[in-house]
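Asks: My structure is below; once you've seen it, I'll send some questions.
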Amino acid sequence: MFLGLVGLGAAGVVFGSAVSGWLSRVASPITAADRTGLAGLLPLQGFRLYTVTGGFPRRDPAEYRLTVGGLVERPYTLTFEELRALPAVAMTKDFQCVTGWRVDDVRWRGVLLRDLLDRAGVRADGAAVRFTSFDGVYTESLTLDQAARDDVVVAYEMQGEPLSSDHGGPVRLYVAPMYGYKSIKWLDGIEVTDRVVPGYWERSGYDVDAWVGGSNGRRDAPIS
Ligand SMILES: Nc1nc2c(c(=O)[nH]1)N[C@H]1C(S)=C(S)[C@@H](COP(=O)(O)O)O[C@H]1N2
Ligand SMILES: [Mo]
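Okay, so the sequence shown: first residue is -2 according to this note's numbering, each after it adds one.
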């Protein structure tokens, strides 16, 4: 049973690189992230678990802090409980990685990124948002227009459960209409910037505007 699962996972990896075509150049660093071992190979409801640091950081919700700062009027820091006390949104939408895998109908719950930014008051010179991870390495970006969408969530629940550490818990970003690399795990910082600062994979060649089906040379069906 266990070996069967591993076999399936390995088949997924092979299939993923076979369909990548030209993408294998930029996708190979992601495959390298699977070096972290079996966790990266086991299919979890269709997800694969990614990290770029060689480890999966853990943070107790009691110790978790989310800072919102940069070009805002009122920078602030939230505890996990404070985040959970804010008005929440729920949505059921697909998750699509640029390497080809897609998980249909994932249930997400969290706070709209837009609401967190509104709370801080974005200054007139703000134009984009930069995100940081407590893995210490991964970063991401959105324009302010993208950040204001009603399908961009600072998520703390997935599939009706608290977001697991492996999936980026206690809090990750979920950018529904874009490829999975936009959905930064282990989110700890939201910083308004005066321009888009390309994120981790974007510095390796992935598109900064990562619309599913409309970027990275892929033809996936858009997330509806
Ligand atoms: N901090 C961090 N966030 C990350 C990544 C990562 O390696 N580190 N990988 C990204 C990519 S490419 C994808 S497809 C998704 C995968 O999410 P999962 O590991 O929960 O399946 O996380 C995204 N966010
Ligand atoms: Mo991905």
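Just so it is clear, CB atoms sit at the ideal spot from N, CA and C, and this is done for glycine as well.
(1) Strictly closer than 6 Å from CB to any heavy atom of ligand 1: give me those residues in the order they appear in the chain.
(2) If you follow the beta strand (DSSP E) that residue 116 is in, where does it begin and where does it stop?
(3) Under three-state DSSP, which class holds residue 82?
(4) Could you please give the first and the last residue of the uninterrupted beta strand (DSSP E) stretch that includes residue 185?
(5) Count the other CB atoms, across all protein chains shown, that sit within 10 Å of the CB of residue 74; report buried if there are 16 or more and exposed otherwise.
(6) Tell me, please, whether the region 82 to 95 touches the region 175 to 193 by the rule of three or more beta-carbon pairs shorter than 8 Å.
(7) Counting Cβ pairs, one atom from each stretch, are 3 or more of them under 8 Å apart for the region 196 to 207 and the region 154 to 166?
(8) When the Cα atoms are used, what is the spatial distance from residue 86 to residue 106?
(9) Around the C-beta of residue 134, are 16 or more other C-beta atoms found within 10 angstroms, so that it is buried, or is it exposed?
(10) Who pairs with residue 90 in a beta bridge, going by DSSP?
(11) Quick one: which unbroken alpha helix (DSSP H) runs of 4-plus residues sit fully inside the region 122 to 200? Chain order, please.
(12) Per DSSP, residue 67 forms a beta bridge with which residues?
(13) Take the Cβ of residue 71 as the centre, count every other Cβ of all protein chains shown within 10 Å, and call the residue buried at 16 or more, exposed below.
(14) Looking at C-alpha atoms only, which residue of 58, 101, 76 and 111 is the closest neighbour of residue 219?
(15) Could you name the residues that DSSP lists as bridge partners for residue 216?
(16) Which same chain residues end up closer than 6 Å to residue 88 when comparing Cβ atoms and leaving out the 5 residues on each side of it in sequence?
(17) Can you grab the Cα-Cα spacing for the pair residue 84 / residue 127, in whole Å?
(18) Could you give the residue range of the beta strand (DSSP E) that holds residue 73?
(19) Can you tell which of 183, 131, 160 and 123 has its C-alpha closest to the C-alpha of residue 191?
Replies: Based on what the coordinates show:
(1) Any heavy atom of ligand 1 within less than 6 Å of a residue's beta carbon puts that residue on the list, which reads 27, 30, 44, 45, 46, 47, 48, 49, 94, 130, 132, 135, 164, 165, 177, 178, 180, 181, 182 and 183.
(2) What you label residue 116 is simply residue 119 of the sequence shown in a count that begins at 1. Not the beta strand (DSSP E): residue 116 falls in the alpha helix (DSSP H), residues 110 to 117.
(3) Translated into the one-based positions of the sequence shown, residue 82 becomes position 85. In the three-state DSSP reduction, residue 82 falls in the helix class (H, G or I).
(4) Position 188 of the sequence shown holds residue 185. Segment 184 to 190, the beta strand (DSSP E) holding residue 185.
(5) Taking the first residue of the sequence shown as 1, we reach residue 74 at position 77. Counting Cβ neighbours within 10 Å, residue 74 comes out exposed, since fewer than 16 surround it.
(6) Touching, yes, given that three or more Cβ pairs across the two stretches are closer than 8 Å.
(7) They do not touch, by the three-pair rule.
(8) Counting from 1 along the sequence shown, the entry for residue 86 is found at position 89. Counting from 1 along the sequence shown, the entry for residue 106 is found at position 109. Taking the straight line joining both Cα atoms gives about 6 Å.
(9) Residue numbering aside, residue 134 sits at position 137 when the sequence shown is read from its first letter. Counting the other CB atoms within 10 Å of its CB gives residue 134 a total below 16, which places it among the exposed residues.
(10) Mapped onto the sequence shown, residue 90 falls at position 93. The partner list for residue 90 (beta bridge, DSSP) reads 103.
(11) Runs of the alpha helix (DSSP H) spanning 4 or more residues and lying entirely within the region 122 to 200 occur at 141 to 144, in chain order.
(12) In the sequence shown, the residue the question calls residue 67 occupies position 70. For residue 67, which the question treats as bridged, DSSP gives the partners 189.
(13) For the purposes of this step, residue 71 is identified with residue 74 of the sequence shown, where counting begins at 1. Its Cβ having fewer than 16 others within 10 Å, residue 71 is exposed.
(14) Numbered from 1 along the sequence shown, position 222 holds the residue referred to as residue 219. Here the closest residue by C-alpha is 101.
(15) As a first step, residue 216 must be located in the sequence shown, where it is residue number 219. Partner(s): none; residue 216 has no beta bridge.
(16) In the sequence shown, residue 88 corresponds to position 91, counting from 1. Closer than 6 Å at Cβ, skipping near neighbours: 105.
(17) As a position in the sequence shown, residue 84 is number 87, starting the count at 1. As a position in the sequence shown, residue 127 is number 130, starting the count at 1. Approximately 23 Å between the Cα atoms of the pair.
(18) Within the sequence shown, numbered from 1, the residue matching residue 73 stands at position 76. That run of the beta strand (DSSP E) goes 73 to 76.
(19) Taking the first residue of the sequence shown as position 1, residue 191 is located at position 194. Residue nearest to residue 191 within the set 183, 131, 160 and 123 is 123 (criterion: CA-CA distance).
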